[in-house]
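Notes for the one structure printed next.
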Amino acid sequence: MIGKQIRLERIIDRNSRKTVIIPMDHGVTVGPVEGLADMRTTVSNVVAGGANAILMHKGIVRAG
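7 is the number of the first residue of the sequence shown in the working numbering; add one for each residue after it.
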C-alpha cells in the first residue's frame, strides 16, 4: 500500500467507497459566516452528522 492510498483510506469509507467532506474555510475569503462563529460546536455537529473530513484554513484550526 502506498502513502497516498493510506491517507485516502482515512477519509473514504471502506465499505461504501464514499466520503463526505465539509468545506469550512469560507470565513477567510468572505468574512464571518453565520453558524461558523463557534467553530468547536460547529465541528462537533458536523462530525456527529457523519462527515469524514473537514477543510479549514490553518489559522482557523490554530484558533479553535
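Think of the CB as a built atom: it goes at the ideal place given N, C-alpha and C, for glycine as much as any other residue.
Per the coordinates, the alpha-carbon of residue 41 lies some 16 Å from the alpha-carbon of residue 61. Among the bridge pairs identified by DSSP, residue 61 is matched with 29.
About 15 Å separates the beta carbons of residue 12 and residue 59, which is beyond the 8 Å limit, so they are not a contact pair. The C-beta of residue 49 has 16 or more other C-beta atoms within 10 Å across all chains shown, which makes the residue buried.
In the DSSP assignment, residue 9 falls within the unbroken alpha helix (DSSP H) covering 9 to 15.
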